[in-house]
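Chemist:
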Amino acid sequence: PTNSKMQEILDGTSLILEKFSDVLVDILGDLISFAESSCSIFWSNVAVDASLPGSVTGKLGGPSQRRLSSSTTTAVLQAIVSVRTLASVSSWCATRKKDDSLNLAFNFLWKFFDRVISSAMPDSERSAEIHLAAFEALTFVLKAS
23 PTNSKMQEIL DGTSLILEKF SDVLVDILGD LISFAESSCS IFWSNVAVDA
73 SLPGSVTGKL GGPSQRRLSS STTTAVLQAI VSVRTLASVS SWCATRKKDD
123 SLNLAFNFLW KFFDRVISSA MPDSERSAEI HLAAFEALTF VLKAS
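If you use the numbering used here, the sequence shown corresponds to residues 23 to 167, in order.
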């Protein structure tokens, strides 16, 4: 291909990436709301410490072993994935543009960071498992920053 043809292809690719980042920035507010809601599992102090099932490797999608009920596992996994998604989308969009929505997203991520590292030590096995999951989610925040 000639230089002008290559430039035409690059311009088209840049336009597609710009439009894609516009769409992602437009949905950041919804992603933030969903992450805030999902992460409530990390801050809830449900004191029910029923007997936990045996550990299952990779139960939450990572190498960590977790022992939580099925419903709690689902809620924790949803929180981890929502933080991971928000961190990844925000980080990628930040390489393409500056937008107030990005500020809101990074504010959420830094508040999440602060809340996780300053949270009280867990007082039950169930709480410890959830606390560990919050730190797992935090790894994605740190990678995005």
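For glycine and all other residues, C-beta sits at the position ideal for the given N, C-alpha and C.
(1) Just to confirm the assignment, what range does the alpha helix (DSSP H) spanning Met28 have?
(2) Measuring only the C-alpha atoms, how far is Leu46 from Leu126?
(3) Going by other Cβ atoms of all chains shown within 10 Å of its Cβ, with 16 needed for buried, is Thr79 buried or exposed?
(4) Using 10 angstroms around the beta-carbon of Phe42, count the other beta-carbons present and answer buried if the total reaches 16, otherwise exposed.
(5) Cβ atoms of Cys61 and Val105: under 8 Å apart, would you say?
(6) Taking 7 Å as the limit between beta carbons, can you name the residues of its chain near Phe56, skipping five residues before and five after?
(7) Residues in its own chain within less than 6 Å of Thr50 by CB, not counting five upstream and five downstream?
(8) Out of Pro144, Cys115, Ile152, which has the shortest C-alpha to C-alpha gap to Ser91?
Modeler: Let me spell this out:
(1) Position 6 of the sequence shown, counted from the first residue, corresponds to residue 28. Note, Met28: alpha helix (DSSP H), 25-60.
(2) Here residue 46 is taken as the residue at index 24 of the sequence shown, counted from 1. Here residue 126 is taken as the residue at index 104 of the sequence shown, counted from 1. Cα-Cα distance, rounded: 14 Å.
(3) Here residue 79 corresponds to residue number 57 of the sequence shown, with the count starting at 1. Any reading at Thr79 needs caution, since the residue's pLDDT is 45, under 50, leaving its predicted position unreliable; the model's value is listed next. When all chains shown are included, Thr79 counts as exposed.
(4) As a working mapping, residue 42 is identified with position 20 in the sequence shown. Phe42 should be labelled exposed.
(5) Stepping through the sequence shown from its first residue, residue 105 is reached at position 83. Stepping through the sequence shown from its first residue, residue 61 is reached at position 39. Yes, Cβ-Cβ distance for Val105 and Cys61 is below 8 Å.
(6) Reading the sequence shown from its first residue, position 34 is the one you call residue 56. Counting only Cβ-Cβ distances below 7 Å, and skipping sequence neighbours, we find Ser104.
(7) Stepping through the sequence shown from its first residue, residue 50 is reached at position 28. Checking the displayed sequence, the identity of residue 50 turns out to be Leu instead of Thr. Closer than 6 Å at Cβ, skipping near neighbours: Ser123, Ala127.
(8) Here residue 91 refers to the residue found at position 69 of the sequence shown. Ranked by Cα distance from Ser91, the options Pro144, Cys115, Ile152 are led by Ile152.
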